[in-house]
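Engineer: Numbering (this note's numbering), first residue to last: 105 to 591. Where is the CB? At the ideal position from N, CA and C, for every residue including glycine.
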Amino acid sequence: MKIFTSALVTETNTFSTFPTTLASFEELGIIRGPAPSQALGDVGPIVAQWRRAAGRHGDEIHEGVYAIAQPAGRVEAQAYAQLRGEILAAAKAAMPLDMVLLFLHGAMVAEGEDDCEGDLIRALRELVGPRCVIGVELDPHCHMSAAMTRHADAIILMREYPHVDYEERAVELFDVCRGAATGATRPVMAVADCRMVGFYPTTSQPMRGLVDRLREAEARPGVLSASLVHGFPWGDVGDAGTKVLVVADGDEALATAVATELAQALYRVRRTMLPHLETVDEALEGFDPRSGVPRILADAGDNPGGGAPGDHAVLLAALVQRTDLRSVVGMVCDPQAVDACFGVGIDAPLRLCVGGKAGAGSGRSLEINVTVRGLVQEHSQTVGSIVDPLGRAAWVRCGTTDIVLCSRRQQTLSPTAFTGLGVPLHEAQIISVKSSHHYYAEFSKLSTDCHVIETGAALSMDFARLPYQRRDIHFFPAIDNPAPHLA
Numbered sequence: 105m106k107i108f109t110s111a112l113v114t115e116t117n118t119f120s121t122f123p124t125t126l127a128s129f130e131e132l133g134i135i136r137g138p139a140p141s142q143a144l145g146d147v148g149p150i151v152a153q154w155r156r157a158a159g160r161h162g163d164e165i166h167e168g169v170y171a172i173a174q175p176a177g178r179v180e181a182q183a184y185a186q187l188r189g190e191i192l193a194a195a196k197a198a199m200p201l202d203m204v205l206l207f208l209h210g211a212m213v214a215e216g217e218d219d220c221e222g223d224l225i226r227a228l229r230e231l232v233g234p235r236c237v238i239g240v241e242l243d244p245h246c247h248m249s250a251a252m253t254r255h256a257d258a259i260i261l262m263r264e265y266p267h268v269d270y271e272e273r274a275v276e277l278f279d280v281c282r283g284a285a286t287g288a289t290r291p292v293m294a295v296a297d298c299r300m301v302g303f304y305p306t307t308s309q310p311m312r313g314l315v316d317r318l319r320e321a322e323a324r325p326g327v328l329s330a331s332l333v334h335g336f337p338w339g340d341v342g343d344a345g346t347k348v349l350v351v352a353d354g355d356e357a358l359a360t361a362v363a364t365e366l367a368q369a370l371y372r373v374r375r376t377m378l379p380h381l382e383t384v385d386e387a388l389e390g391f392d393p394r395s396g397v398p399r400i401l402a403d404a405g406d407n408p409g410g411g412a413p414g415d416h417a418v419l420l421a422a423l424v425q426r427t428d429l430r431s432v433v434g435m436v437c438d439p440q441a442v443d444a445c446f447g448v449g450i451d452a453p454l455r456l457c458v459g460g461k462a463g464a465g466s467g468r469s470l471e472i473n474v475t476v477r478g479l480v481q482e483h484s485q486t487v488g489s490i491v492d493p494l495g496r497a498a499w500v501r502c503g504t505t506d507i508v509l510c511s512r513r514q515q516t517l518s519p520t521a522f523t524g525l526g527v528p529l530h531e532a533q534i535i536s537v538k539s540s541h542h543y544y545a546e547f548s549k550l551s552t553d554c555h556v557i558e559t560g561a562a563l564s565m566d567f568a569r570l571p572y573q574r575r576d577i578h579f580f581p582a583i584d585n586p587a588p589h590l591a
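(1) In the DSSP output, what is L206 paired with across the bridge?
(2) Using the C-alpha atoms, what's the distance from L529 back to S518?
(3) Exposed or buried, what is I534 when buried is set at 16 or more other beta-carbons lying within 10 Å of its beta-carbon?
(4) Decide if Q142 is buried, meaning its Cβ has at least 16 other Cβ atoms within 10 Å, or exposed.
(5) Can you check which of these residues, A284, A194 and S331, is closest to R235 by C-alpha distance?
(6) Assuming contact is defined by CB atoms lying nearer than 8 Å, are L242 and L208 in contact in what I supplied?
(7) Could you compute how far the alpha carbon of D257 sits from the alpha carbon of I238?
(8) What distance in whole Å lies between the Cβ atoms of S540 and A402, which are believed to be in contact at a cut-off of 8 Å?
(9) Buried or exposed for T346, going by 16 or more other Cβ atoms inside 10 Å?
(10) Mark M262 as exposed unless 16 or more other C-beta atoms lie within 10 angstroms of its C-beta, in which case mark it buried.
(11) So which of R430, S489 and V280 has the shortest CA-CA distance to P291?
(12) Just the Cα atoms here: how many angstroms apart are A198 and F129?
(13) Jot down the residue ranges of each uninterrupted beta strand (DSSP E) in the stretch 495–519, minimum 3 residues, whole runs only, in chain order.
(14) Can you say whether S395 is buried or exposed, counting buried as having 16 or more other CB atoms within 10 angstroms of its CB?
(15) Measure the alpha-carbon distance for M212 versus V362 and round it to whole angstroms.
(16) In whole angstroms, what separates the C-alpha of V424 from that of M293?
(17) Taking only three categories from DSSP, how would you classify D492?
(18) Measuring CA to CA, which of K538, I490, E382 and S331 is closest to D415?
(19) Tell me which same chain residues have a C-beta within less than 7 Å of the C-beta of V615, skipping the five on either side of it?
(20) Output needed for A404: all residues of its chain with C-beta closer than 6 Å, excluding positions within five of it in sequence on either side, in chain order.
(21) Per DSSP, which one or two residues make a beta bridge with N473?
(22) Can you give, in chain order, each stretch of the beta strand (DSSP E) that sits fully within the stretch 393–453 and has at least 3 residues?
(23) Mind listing, in chain order, the continuous alpha helix (DSSP H) runs of no fewer than 4 residues lying wholly within the stretch 218–286?
(24) Go ahead and label A193 buried or exposed: buried means 16 or more other beta carbons lie within 10 angstroms of its beta carbon, across all protein chains shown.
(25) Take V487 and list the residues in its own chain whose beta-carbon comes closer than 6 Å to its own, dropping the five residues that flank it on each side.
(26) Flag this pair as yes or no: are the beta carbons of R299 and A587 separated by less than 8 Å?
(27) Measuring CB atoms only, is the stretch 108–123 touching the stretch 318–338, in the sense that at least three cross pairs come out at less than 8 Å?
(28) Would P266 and A521 qualify as a contact pair, given that the criterion is a beta-carbon distance under 8 Å?
(29) Classify R299 as helix, strand or coil using the three-state DSSP reduction.
(30) Please report how far the alpha carbon of K461 lies from the alpha carbon of G133, in whole angstroms.
(31) For T552, count neighbouring C-beta atoms within 10 Å of its own C-beta (all shown protein chains included) and say buried if the count is 16 or more, exposed if not.
(32) Going by CA-CA distance only, name the one from G159, R136, Q182 and E164 that's closest to Y170.
(33) Quick one: using the 10 Å Cβ neighbour count with 16 as the cut-off for buried, is I577 buried or exposed?
(34) Report the CB separation of F278 from A157 in whole angstroms; it is logged as a contact under 8 Å.
(35) Just to check my reading of the structure: A367 and R317 have Cβ atoms closer than 8 Å, yes? What is that Cβ distance to the nearest angstrom?
(36) Going by C-alpha distance, which of T505, T504, A497 and G524 is nearest S511?
Here you go:
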């Protein structure tokens, strides 16, 4: 079989003032055609699985464009048009095709196009024709649109948050699509809308149990795949929201029934899944620094992984005042502060203006006296097999607080973001990270005592009051029971 693979990945925060440009994709590297999987960044492990699966069957793979950009505001129209055009041109050059496998985010919004993934899948369907099987792997923080399910044969989402199962889902997608291409199965999809907007880590109940129910559903005869669509709350588009997607073998009624059943299970626990946000004082109340187990504070509102600037300094300011605690804070995206540190060198004292520079969501800068303790020209954090570049970085100390400053906007995913600069993380009693929940996969090895902090930063989790203009406001928690048929 001839298989075409490609990826176009970014998560669009439509409330963000930072546009996503072609340079945003080039920052992480746009790969055109085959390349070593380690050169593909976050896309690499997925592509490696597709290559291995194709090799086992003796299939022929043709590779298109692999492009990924940090979450930010709307993608510039010209950038989307160019990358879309390159993917279509590569697919056309590889025709005729038996399968198309895509890794997309699902929440990419461009100027003039609210549903980039649906638009791209539709264009590929028009190109490759009705017989070619199109399969798509999506991030669960996606907008599940009718265009996606109409023009793809099978869509499978990562089910874990943090997303530690993307390779497993890639294999699942390959198997489902190859079964369809050989005629062994006939995938049909159904979506149930939960009429919810929320934030759903899968590392604790009740989401843990709901993920387990997906596996139970997939064990039933005729069910090929089941996915929970978390949705991306900060994408103001018509298709935003929490849903359930089920892929069945030729039985649309079965797919609909299972999707509705799972949606009911999710909807009935909706109130228990409202995010629990704390102030810094609340999060530190009752903490015993002698326990030997650090407490982790997640600065979710300033998470670059959701399109926030990454330079909000409210939590940092609070921890600097707590001189009774050894704390670490990272990563603050502040290229100017990094430059200042490089200008004076290691062990030099410095009056530093930290954060508050990128835009309206940055808040106020914090002026503090620091000592430069570490400098790295090409810093990185390691997450599994992926080495994530962070650019120039500096470690500074202010009293009892160690701070990591970096020049590239990225959420904190791994302790190596600190230790790679020499920060003595083992001494920290409080670890503050700019991330919503992806940090948990690596940092939970140090501590599971985790708290989400409300600082008034860009990514508000007061979902009922998000300033939606395009998204229908008939959803929970804006309305207590917007889907009585699921209650």
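Structural biologist: Reading from the atomic positions:
(1) In DSSP, L206 forms a bridge with S110 and V240.
(2) 11 Å
(3) buried
(4) exposed
(5) A284
(6) yes
(7) 5 Å
(8) 6 Å
(9) buried
(10) buried
(11) When each option's Cα is compared against that of P291, the closest is V280.
(12) The straight-line gap from Cα to Cα measures roughly 24 Å.
(13) 505–510
(14) exposed
(15) 28 Å
(16) Distance between the alpha carbons of V424 and M293: 52 Å.
(17) Reduced to three states, the DSSP call for D492 is strand.
(18) K538
(19) Residue 615 lies beyond the residue range present for the chain, which begins at 105 and ends at 591; the question has no answer from this structure.
(20) S540 and V556
(21) R455
(22) Here the runs fully enclosed are 399–402 and 431–437.
(23) 220–232, 250–255 and 270–285
(24) exposed
(25) L517 and S518
(26) yes
(27) yes
(28) no
(29) coil
(30) Computed Cα separation, rounded: 26 Å.
(31) exposed
(32) Here the closest residue by C-alpha is R136.
(33) Its Cβ having fewer than 16 others within 10 Å, I577 is exposed.
(34) 4 Å
(35) Incorrect: roughly 11 Å between the Cβ atoms, too far for contact.
(36) Minimum Cα distance to S511 is reached at A497.
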